[in-house]
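Chains as they are written, first to last, in my numbering: chain Y, 6 to 619; chain X, 40 to 636; chain G, 2 to 176. For reference, the structure is listed below as structure tokens.
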Ligand SMILES: Cc1cc2nc3c(=O)[nH]c(=O)nc-3n(C[C@H](O)[C@H](O)[C@H](O)COP(=O)(O)O)c2cc1C
Ligand code: SF4
Ligand code: SF4
Ligand code: SF4
Ligand code: SF4
Ligand code: SF4
Ligand code: SF4
Ligand code: SF4
Ligand code: SF4
Ligand code: FES
Ligand code: FES
Ligand code: FES
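Below, the structure written as structure tokens:
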């Protein structure tokens with residue numbers, strides 16, 4: 006019953022530039038520090054050294070993301086000259102030395118120079134203890150900075166609700182540029198000016214909030230230092246928790262349970278749902294709920310919307326709308342295609358709307374006293390929560406959004422021994438969910454969850470094989486077809502905004518003959534979200550994804566429409582999918598935005614923006 | 040062609056245009072009409088003749104009389120005296136700086152006599168805007184020969200055999216580059232000419248572009264044939280508008296003659312050339328940055344390998360050479376590699392064009408065989424140092440190079456010898472400095488340049504050059520500290536070894552070289568707070584020599600801050616606390632009683 | 002085309018402005034060609050005298066190059082500017098030949114006479130003072146350019162007189 010069509014037009018993937026794919030079969034042998042090593046002919050010296058178990062420090066290099074050869078920290082001696090090992094190709098018989106006085110002196114001077122133009126505010130820096138520059142300085146045994154002089158002094162950019170920029174901490178590795186343009190295809194960040202005055206920033210030194218930045222946070226994930234960080238909202242949460250008059254409700258997104266453990270030294274993909282719930286209770290939240298609950302709800306609404314569009318000749322393909330990074334992207338880049346989006350709010354916002362209507366009604370609380378906090382893998386959700394459209398409860402539906410990293414900091418600050426916590430259980434009713442809700446956390450998950458429900462709703466048969474493996478995995482764009490009572494439903498899944506752009510261009514050209522498309526802004530979906538633990542890379546994404554599917558398997562119920570709490574919700578409150586109440590609380594509309602700048606007359610602002618080196 | 044009894048070559052190179060040669064030429068034409076000689080005397084506008092500081096200049100053939108520093112009135116006088124009456128206008132002749140003798144004929148001037156012109160063979164001789172003049176001097180014969188008689192491999196072999204080395208900087212064997220590009224896999228290939236000429240004080244390439252653009256076009260077509268490219272680009276700096284204009288004109292002419300475009304000379308070979316104008320970035324002279332710039336991006340260098348021959352413009356195999364390098368190609372093809380091998384030194388064959396400037400009598404362009412001594416270039420061709428000052432140093436290789444001192448006057452200049460003494464050939468800029476030049480300040484000047492032009496991509500260059508400049512500035516301002524020299528050295532070595540591209544790798548050279556030859560000057564600045572050359576204002580002290588002062592009081596009148604006092608007819612004094620070191624008094628004193636230390 | 006969705010008035014104004022028409026033609030001529038950005042910016046700067054932000058947006062759209070890249074290119078190359086410049090651009094050469102022959106003193110005098118620092122435009126909008134690095138007239142060092150005119154063998158004393166020519170011309174032009 007599931008027809009699998011192999012990808013007609015394979016898209017280049019996020020982060021899987023392996024040697025096999027470069028098409029190399031040939032091998033070469035070289036000598037590194039006297040040790041012979043045989044590697045594929047298209048390897049770099051750095052890769053060869055890794056294969057030989059020799060560590061070379063790096064800074065600008067980030068596998069799968071960026072190889073500019075610009076920081077010069079990874080230099081090694083080849084033929085008496087220094088070469089950047091991260092970009093230098095191996096050749097047969099090459100002699101490499103990675104630990105000579107010349108090499109050590111050069112690396113050290115380079116890092117000292119970097120530090121001579123760096124604030125060195127480690128103690129108060131968000132990246133303290135997780136900073137590549139700090140680590141490097143330690144590894145290279147730098148004990149003094151011999152050079153001093155002018156320092157860059159650019160204004161901080163705190164305009165965005167999601168991301169804060171401090172160009173003075175930037176070491177110009179350009180990873181963020183690479184991610185933002187090559188992987189995400191949003192092209193917000195770029196290098197401007199030159200020489201010592203070079204700065205990485207949006208065009209015209211514009212503030213992030215005034216650009217088409219999607220808040221996806223992928224740049225934050227790759228920044229080696231504290232130049233790009235999430236906006237820290239922990240203080241707001243502490244304040245709400247300390248206020249005896251408020252009832253603080255928390256929701257946790259699907260992808261958080263398989264990544265939070267990393268902040269406490271656990272392997273990526275370790276499922277820590279129970280400990281997380283306990284930690285939240287210990288922090289003092291009054292009700293601990295699960296975004297998975299509204300993920301299930303999203304599926305019901307969205308599957309019905311799709312079936313309705315199919316029946317009534319509505320706009321197709323219909324595209325998912327649960328990723329706020331993606332939403333902002335389409336609003337800026339393809340505003341003419343907004344009616345392709347499902348009108349469903351994201352699970353976070355459905356939750357917020359219900360937490361201030363349905364929940365207080367049921368629990369006998371004053372909705373005005375409720376503070377809703379969400380724990381998200383995502384920086385874009387911070388922006389989403391502040392959208393004016395997201396106040397259908399009569400209040401701001403979601404008050405505070407914390408990323409996984411912020412949440413972990415709160416746990417640490419509270420002195421909670423996370424690793425040794427006992428498992429806790431979510432509160433009812435909004436903590437009850439199914440495996441379908443969990444898989445929202447990975448690319449293809451929404452699609453898979455929707456298909457599980459749509460199939461059963463349409464065919465009225467029970468699905469014997471629940472795993473739609475065609476839509477799983479890290480391939481950039483995935484396709485599948487499902488036979489629903491004779492109608493072949495064609496679907497596609499894209500993750501990473503660069504892939505989303507490609508898919509949108511196909512739609513523009515009339516070449517995307519799909520009925521339903523899932524798009525997630527972040528590579529890998531929310532398990533690769535901009536609010537996840539750092540580092541986040543391809544290997545780690547894979548591990549987290551495995552965790553997600555394991556969590557799905559563990560659930561007694563794995564189809565959204567089987568969630569008993571959702572059934573109750575419809576019976577008691579919403580009445581029916583796509584009904585009046587649903588429309589009021591669970592659906593929304595989108596706003597076309599400008600491609601370049603929110604500012605109509607940018608010329609006027611010109612003067613104020615120049616950063617100066619003093 | 041009509042028969043003219045006299046040809047007048049009027050230089051219309053950029054230097055002479057700046058000194059208003061156009062007005063001189065107009066007056067000349069006008070006067071010729073007036074006296075009815077327009078049919079007998081032909082005026083030819085040429086590219087730079089080489090003696091730019093003597094401009095506007097003209098050479099009258101067949102006698103070869105060289106007139107200099109002309110005004111429109113001078114031109115009229117030449118018509119009336121020389122052309123009508125056959126009397127040479129002696130007042131407008133060149134006076135040899137050392138002997139003070141007037142020289143009538145260009146070929147008797149040391150400046151021209153000692154030159155050997157290959158790359159500049161047509162520059163200053165033909166009208167660059169008239170393709171026929173180029174063709175009349177064997178132009179496009181080499182292309183014809185190549186297309187009709189030679190295989191691609193034969194052309195490459197000939198260039199390899201000639202041992203021609205790149206004139207743009209590093210001196211890499213040109214033939215090898217052609218071969219690499221030829222052998223690189225790929226259907227689409229490009230030929231690029233580096234006409235960015237960023238080295239300040241160098242204008243060889245400019246003169247060729249302006250004075251003989253067709254030689255470049257012809258050579259690029261030959262290169263295109265040899266390596267298998269259909270498209271060429273010339274990357275010219277925007278500061279050379281005249282070069283862009285002349286080159287565009289030449290390209291049009293070549294196209295209309297079928298020397299560019301489809302099926303050149305009726306063969307299968309098709310080739311065309313586009314111009315790309317730079318936008319003010321020295322680093323774009325670096326080959327990978329240049330390629331990136333052609334692609335329309337920030338001119339940031341990229342790591343090599345891959346080299347342009349394998350992955351160049353738009354990722355395709357690309358042959359990239361300098362203007363002067365190309366200017367040597369046609370003569371080599373026509374006269375053969377063996378002829379070329381007969382000129383120059385063992386490892387550096389052929390000639391090199393130098394742009395001599397700075398504290399020297401004859402500034403301008405000269406082309407000499409490799410191996411000519413520095414002394415010949417500076418003192419014989421260049422006519423020595425003006426105002427009877429002493430030669431102190433010459434900078435070759437521009438901001439990437441180093442300085443040569445009196446002890447190097449007898450070295451035979453070629454790639455190897457310059458490298459050996461810590462400088463480099465570079466593109467051929469040769470800046471002469473006299474005894475009043477402060478070498479610490481010169482190093483500071485070069486670092487200011489490289490810091491300003493650093494692309495900012497890699498750490499050592501981006502931050503390192505800034506730090507070096509800061510230290511050097513401090514030293515020249517009298518705030519140098521013990522340990523500064525060591526810091527400079529540490530930085531210099533780290534930047535050289537660690538930088539991504541040639542700009543950073545060579546930026547510290549002027550510092551290392553001046554530290555090597557003039558370390559005492561650095562020490563004097565730092566320890567004694569003294570500038571031995573009397574240049575660094577912050578370290579100067581203006582003093583009145585009581586022996587010489589006659590108490591005339593003129594200095595007190597010009598001093599803007601009233602720092603000078605004294606009674607009439609008695610020696611005056613300068614209050615050093617008040618003195619702002621403007622130098623006005625020194626200039627004013629009729630008795631040279633005021634000096635700076 | 003996206004710019005058409007901008008609601009601002011400048012669009013209507015632009016339609017009547019010859020310069021924008023010319024810009025449209027330039028962009029159309031280069032669109033789709035690889036490496037078109039820099040040549041287009043050169044032309045645009047010729048037309049407008051500088052590269053205002055709305056021009057940058059039009060170029061980005063027309064050539065399908067991200068705006069951040071357009072800005073990155075403009076700020077990289079010293080000949081591009083996004084600020085209006087004076088009627089006459091003074092370029093004092095600080096190339097090696099000129100420096101050795103005393104260009105620094107001429108620059109100081111220029112700063113004094115024009116009353117602005119490097120890169121800035123005089124209050125009357127007449128002059129913008131810029132430093133160039135060799136215009137290839139080294140034989141005449143030190144050299145400065147004002148617009149298309151080149152002045153060589155300068156001394157600080159020459160400066161006032163030369164500037165005055167332009168100031169007078171301007172006055173006479175207006176009178
Ligand atoms: C910072 C820098 C600036 C350069 N500038 C120029 C230049 O202006 N003109 C030039 O021909 N070569 C320049 N070069 C050298 C080029 O990279 C390249 O080696 C040369 O153009 C190759 O041509 P050739 O083999 O004919 O010399 C420069 C190199 C560096 C590192
Ligand atoms: S970015 Fe890193 S090195 Fe810089 S202040 Fe923060 S922790 Fe310290
Ligand atoms: S590491 Fe050193 S500087 Fe940092 S807090 Fe401890 S003592 Fe202070
Ligand atoms: S948040 Fe995303 S869109 Fe915004 S700058 Fe970073 S990578 Fe680009
Ligand atoms: S902001 Fe961060 S990622 Fe971007 S260039 Fe700077 S240091 Fe690198
Ligand atoms: S994919 Fe997930 S983490 Fe990324 S923006 Fe969308 S919702 Fe946020
Ligand atoms: S050495 Fe200087 S110019 Fe070259 S890449 Fe590095 S920063 Fe740029
Ligand atoms: S140098 Fe200038 S300030 Fe000093 S004494 Fe002479 S005129 Fe006066
Ligand atoms: S001008 Fe010379 S001679 Fe006259 S008072 Fe001054 S120092 Fe003495
Ligand atoms: S890690 Fe190789 S140059 Fe930065
Ligand atoms: S420009 Fe006329 S001689 Fe050089
Ligand atoms: S150095 Fe000034 S014109 Fe060449």
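All residues carry an ideal CB built from backbone N, CA and C; glycine is no exception.
In terms of residue numbering, what span does the alpha helix (DSSP H) encompassing residue i cover?
i: residue 463 of chain X; result: Counting along the chain, residue 463 of chain X falls outside any alpha helix (DSSP H), and DSSP gives it neither H nor E.
i: residue 337 of chain Y; result: 329-338
From residue i to residue j, what distance separates their C-alpha atoms?
i: residue 565 of chain Y; j: residue 551 of chain Y; result: 20 Å
i: residue 514 of chain Y; j: residue 508 of chain Y; result: 10 Å
i: residue 63 of chain X; j: residue 90 of chain X; result: 16 Å
i: residue 77 of chain Y; j: residue 210 of chain Y; result: 27 Å
i: residue 308 of chain X; j: residue 301 of chain X; result: 7 Å
i: residue 235 of chain X; j: residue 128 of chain Y; result: 48 Å
i: residue 405 of chain Y; j: residue 213 of chain Y; result: 20 Å
i: residue 354 of chain Y; j: residue 395 of chain Y; result: 7 Å
i: residue 472 of chain X; j: residue 565 of chain X; result: 22 Å
Should residue i be counted as a contact of ligand 2 given a C-beta to heavy atom distance under 7 Å?
i: residue 116 of chain Y; result: no
Is the CB of residue i under 8 Å away from at least one CB in chain G?
i: residue 179 of chain Y; result: no
i: residue 392 of chain Y; result: no
i: residue 27 of chain Y; result: For residue 27 of chain Y, the pLDDT reaches just 48, beneath the cut-off of 50, and the residue's location in the model is therefore unreliable, leaving the point undetermined.
Should residue i be counted as a contact of ligand 11 given a C-beta to heavy atom distance under 7 Å?
i: residue 53 of chain X; result: yes
i: residue 313 of chain X; result: no
Residue range of the beta strand (DSSP E) that residue i falls in?
i: residue 380 of chain Y; result: 375-381
i: residue 45 of chain Y; result: 40-45
i: residue 314 of chain X; result: 311-316
i: residue 133 of chain G; result: 128-133
i: residue 221 of chain X; result: Segment 213-222 is the alpha helix (DSSP H) holding residue 221 of chain X; no beta strand (DSSP E) there.
Closer than 7 Å to a non-hydrogen atom of ligand 4 - does that hold for the CB of residue i?
i: residue 4 of chain Y; result: In the structure as shown, chain Y begins at 6 and stops at 619. Residue 4 of chain Y is therefore absent and cannot be evaluated.
So, is the C-beta of residue i closer than 8 Å to a C-beta in chain Y?
i: residue 67 of chain G; result: yes
i: residue 82 of chain G; result: no
Taking 7 Å as the cut-off, is the C-beta of residue i nearer than that to any heavy atom in ligand 9?
i: residue 588 of chain X; result: yes
Given the structure, does residue i come close to ligand 6, in the sense that its CB is under 7 Å from one of the ligand's heavy atoms?
i: residue 328 of chain Y; result: yes
i: residue 350 of chain Y; result: no
Is it the case that the CB of residue i approaches a heavy atom of ligand 3 more closely than 7 Å?
i: residue 128 of chain Y; result: yes
Measuring only from the beta carbon, is residue i closer than 7 Å to any heavy atom that is part of ligand 10?
i: residue 479 of chain Y; result: no
Between residue i and ligand 8, is the CB less than 7 Å from at least one heavy atom?
i: residue 683 of chain X; result: Past the boundaries of the shown model lies residue 683 of chain X; chain X is included only from 40 to 636, so the question cannot be answered.
i: residue 622 of chain X; result: yes
Measuring from the CB of residue i, is there a heavy atom of ligand 5 at a distance below 7 Å?
i: residue 233 of chain Y; result: yes
**Inside the region 225-303 of chain Y only - alpha helix (DSSP H) runs reaching at least 4 residues** = 239-247 and 278-288
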